[in-house]
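Student: Handing you this structure, nothing more for now.
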Amino acid sequence: MTKCGYVAILGIPNAGKSTLMNKIIGVDLSIVTHKPQTTRNKITGIYTDRDSQIIILDTPGIIEPKYELQSYMMKEVSSSVNDADTVIHLIDITQPRLQDQLIIIEPYRDFLRRKKTLTVLNKIDEISQSELERKISEISGKSLNDELIPVSAKYHFNIKKLIEEIKSSLPESNFLFEPDELTNRPERFFVAEIIREKILELFEEEIPYSVFVEITEFKDRKGNGSFISADIILDRETQKAIIIGKFGSALKQLGTTARISIEQFLSRKVYLDLFVKVRKNWRKNESFLKRKF
Ligand SMILES: Nc1nc2c(ncn2[C@@H]2O[C@H](COP(=O)(O)OP(=O)(O)OP(=O)(O)O)[C@@H](O)[C@H]2O)c(=O)[nH]1
Ligand SMILES: [Mg+2]
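Numbering (our numbering), first residue to last: 71 to 363.
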């Protein structure tokens with residue numbers, strides 16, 4: 071009998087949840103940046119081998135919500151926990167107060183009692199063996215599980231062992247997806263995410279979280295790749311000027327960088343058109359947030 075089930079990855083912003091999901095499935099699906107709060111939506115990645123299928127739910131980092139977008143992000147976390155058979159609590163071992171990372175899952179405790187759980191320590195490449203041992207003793211008895219699984223998602227260390235642990239936690243079931251399916255989100259979702267990733271990378275501090283990318287056109291160009299048009303939606307006029315740059319130079323650079331990544335992701339040629347728009351307070355607009363791609 072095969073094994074198949076849903077696995078949600080929970081943790082603080084920047085713990086490496088998206089990196090971990092990408093390494094398990096072997097494809098860069100979920101965007102990764104060094105900034106906290108990169109992931110906004112629940113994102114599914116599917117790992118399949120001969121006898122098992124792991125449906126991974128990458129989630130936004132857990133935070134105290136301060137505005138609508140963040141409340142929406144936290145609803146995505148709850149819904150992932152709800153859907154999951156197994157929950158991974160991913161702890162960033164390089165952070166000074168590990169206690170804080172244990173506290174954030176408290177609100178989910180009731181839910182978690184009904185689930186299989188795994189506690190995974192990430193970024194062990196950044197600390198020494200003795201420091202790792204000290205950190206382990208700091209949280210022993212206080213984490214969800216007695217057994218802690220140390221990994222380095224970035225350097226693919228111990229990921230195979232983690233996959234085995236996940237597999238043994240899953241229920242016996244037929245596969246829920248085709249073996250070659252990597253996600254259940256549409257291509258256009260990832261295209262919007264790649265553009266957002268490039269904006270976060272290129273504009274660093276100037277354009278914080280107030281950016282939203284909406285795909286307005288996605289067409290096949292009769293055997294000659296795809297034509298994609300996207301709106302970049304910002305909060306303020308000043309941000310618009312930054313994204314466009316002198317004589318459109320910044321926007322042009324963004325377009326080229328994003329197009330190259332999108333072509334890699336889709337494995338085909340892409341013609342990309344970007345438009346910059348300002349819509350004040352979109353983050354507070356519930357209907358805007360709920361709109362799917
Ligand atoms: N040194 C080290 N860095 C890592 C590791 N895993 C992830 N990172 C880095 O940590 C940063 C955050 O990674 P993400 O995967 O985006 O983290 P996340 O938990 O998905 O973050 P949010 O989506 O913002 O909640 C990136 O710069 C990663 O390269 C690791 O094992 N070792
Ligand atoms: Mg993420």
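C-beta: ideal position from N, C-alpha, C; glycine also.
Quick caveat: nothing in here was measured; it's all calculated off a predicted structure.
(1) Can you check which of these residues, Y279, V151, E203 and S319, is closest to D180 by C-alpha distance?
(2) Evaluate I173 with the Cβ neighbour count: other Cβ atoms within 10 Å of its Cβ, from every protein chain shown; 16 or more gives buried, anything less gives exposed.
(3) The alpha helix (DSSP H) with F345 in it runs from where to where?
(4) K112 and L127: beta carbons closer than 8 Å?
(5) Can you look up L232 in the DSSP assignment and give me helix, strand or coil?
(6) Under the three-state reduction of DSSP, which class applies to T156: helix, strand or coil?
(7) Any chance you could list the alpha helix (DSSP H) runs of at least 4 consecutive residues sitting entirely within the region 114-177, in chain order?
(8) Nearer than 7 Å: is that true of the beta carbon of D128 relative to any heavy atom of ligand 2?
(9) Taking 8 Å as the cut-off, decide whether the C-beta atoms of L270 and T108 are in contact.
(10) Is the region 260-275 touching the region 318-331, taking contact as three or more C-beta pairs under 8 Å?
(11) Can you check the region 250-337 for any alpha helix (DSSP H) of at least 4 residues that lies completely inside it and give the ranges in chain order?
(12) Expressed to the nearest angstrom, what Euclidean distance is found between the alpha-carbon atoms of A78 and A154?
(13) From which residue to which residue does the beta strand (DSSP E) around T89 run?
(14) List the DSSP bridge partners of I79.
(15) Would you identify the three-state DSSP class for K73, choosing helix, strand or coil?
(16) Which residues in the same chain as A262 place their Cβ atom closer than 8 Å to its Cβ, once the five residues preceding and following it in sequence are excluded?
(17) Decide yes or no for the touch test of the region 214-227 against the region 238-251: beta carbon pairs closer than 8 Å, at least 3 of them.
(18) Can you give me the C-alpha to C-alpha distance between I277 and Q334, rounded to a whole angstrom?
(19) I'd like to check one pair, P130 with V157: are the Cβ atoms closer than 8 Å?
(20) Hey, could you find the ends of the alpha helix (DSSP H) K186 is sitting in?
(21) Once you ignore the five residues that flank C74 on each side, which residues in its own chain have a CB closer than 7 Å to its CB?
(22) May I ask you to report which of helix, strand or coil DSSP gives S243?
(23) Please find out if some non-hydrogen atom of ligand 1 comes closer than 7 Å to the beta-carbon of A154.
(24) For L99, which of M91, K105 and P106 has the nearest alpha-carbon?
(25) DSSP three-state call for L218: helix, strand or coil?
Tutor: Looking at the coordinates:
(1) Locating residue 180 in the sequence shown gives position 110, where the first residue counts as 1. Closest option to D180, Cα to Cα, is V151.
(2) Your numbering for residue 173 matches position 103 in the sequence shown. I173 should be labelled exposed.
(3) Here the question's residue 345 lines up with position 275 in the sequence shown. Premise fails: F345 lies in the beta strand (DSSP E), V340 to V348, not in any alpha helix (DSSP H).
(4) Position 42 of the sequence shown, counted from the first residue, corresponds to residue 112. Position 57 of the sequence shown, counted from the first residue, corresponds to residue 127. Contact: yes.
(5) What you label residue 232 is simply residue 162 of the sequence shown in a count that begins at 1. In this structure, L232 counts as helix in the three-state DSSP scheme.
(6) The count along the sequence shown starts at 1 and reaches residue 156 at position 86. Secondary structure at T156: strand, using DSSP grouped into helix, strand and coil.
(7) Listed in chain order, they are 138-153 and 168-173.
(8) The sequence position of residue 128 within the sequence shown is 58, counting from 1. D128: yes, Cβ under 7 Å from ligand 2.
(9) The residue given as residue 270 occupies position 200 in the sequence shown. The residue given as residue 108 occupies position 38 in the sequence shown. The answer is yes: Cβ separation under 8 Å.
(10) A contact exists between the region 260-275 and the region 318-331.
(11) Along the length of the region 250-337, whole alpha helix (DSSP H) runs at least 4 residues long occupy 257-272, 307-314 and 319-336, reported in chain order.
(12) Within the sequence shown, numbered from 1, the residue matching residue 78 stands at position 8. Within the sequence shown, numbered from 1, the residue matching residue 154 stands at position 84. Between A78 and A154, the C-alpha separation is close to 6 Å.
(13) In the sequence shown, counting from the first residue as 1, residue 89 sits at position 19. In this chain, T89 is not harboured by any beta strand (DSSP E); it is covered by the alpha helix (DSSP H) spanning K87 to I95.
(14) What you label residue 79 is simply residue 9 of the sequence shown in a count that begins at 1. I79 is bridged to D128 and I158.
(15) As a working mapping, residue 73 is identified with position 3 in the sequence shown. For K73, the secondary structure class from DSSP, reduced to helix, strand or coil, is strand.
(16) In the sequence shown, the residue the question calls residue 262 occupies position 192. Same-chain partners within the cutoff: V283, E284, I285, A300 and F363.
(17) Too few Cβ pairs lie closer than 8 Å, so no.
(18) To locate residue 277, count along the sequence shown from 1; it is residue 207. To locate residue 334, count along the sequence shown from 1; it is residue 264. Their backbone Cα atoms lie some 25 Å apart in a straight line.
(19) Here the question's residue 157 lines up with position 87 in the sequence shown. Here the question's residue 130 lines up with position 60 in the sequence shown. In this structure, V157 sits away from P130, with a CB-CB distance that is not shorter than 8 Å.
(20) As a first step, residue 186 is located in the sequence shown; it is residue number 116 there, counting from the start. DSSP places K186 outside any alpha helix (DSSP H); the residue lies instead in the beta strand (DSSP E), whose first and last residues are K186 to N192.
(21) Taking the sequence shown and counting its residues from 1, one reaches residue 74 at position 4. Excluding its 5 nearest sequence neighbours in each direction, C74 has C-beta neighbours in its own chain below 7 Å: S122, Q123, L240, S243, N244, F245 and L246, listed in chain order.
(22) Your numbering for residue 243 matches position 173 in the sequence shown. Residue state, collapsed to three classes: coil.
(23) Along the sequence shown, read from residue 1 onward, the residue named residue 154 stands at position 84. No, the beta carbon of A154 sits no closer than 7 Å to any heavy atom of ligand 1.
(24) For the purposes of this step, residue 99 is taken as residue 29 along the sequence shown, with counting starting at 1. Per the Cα distances, M91.
(25) The sequence position of residue 218 within the sequence shown is 148, counting from 1. Of the three classes helix, strand and coil, the one that applies to L218 here is strand, per DSSP.
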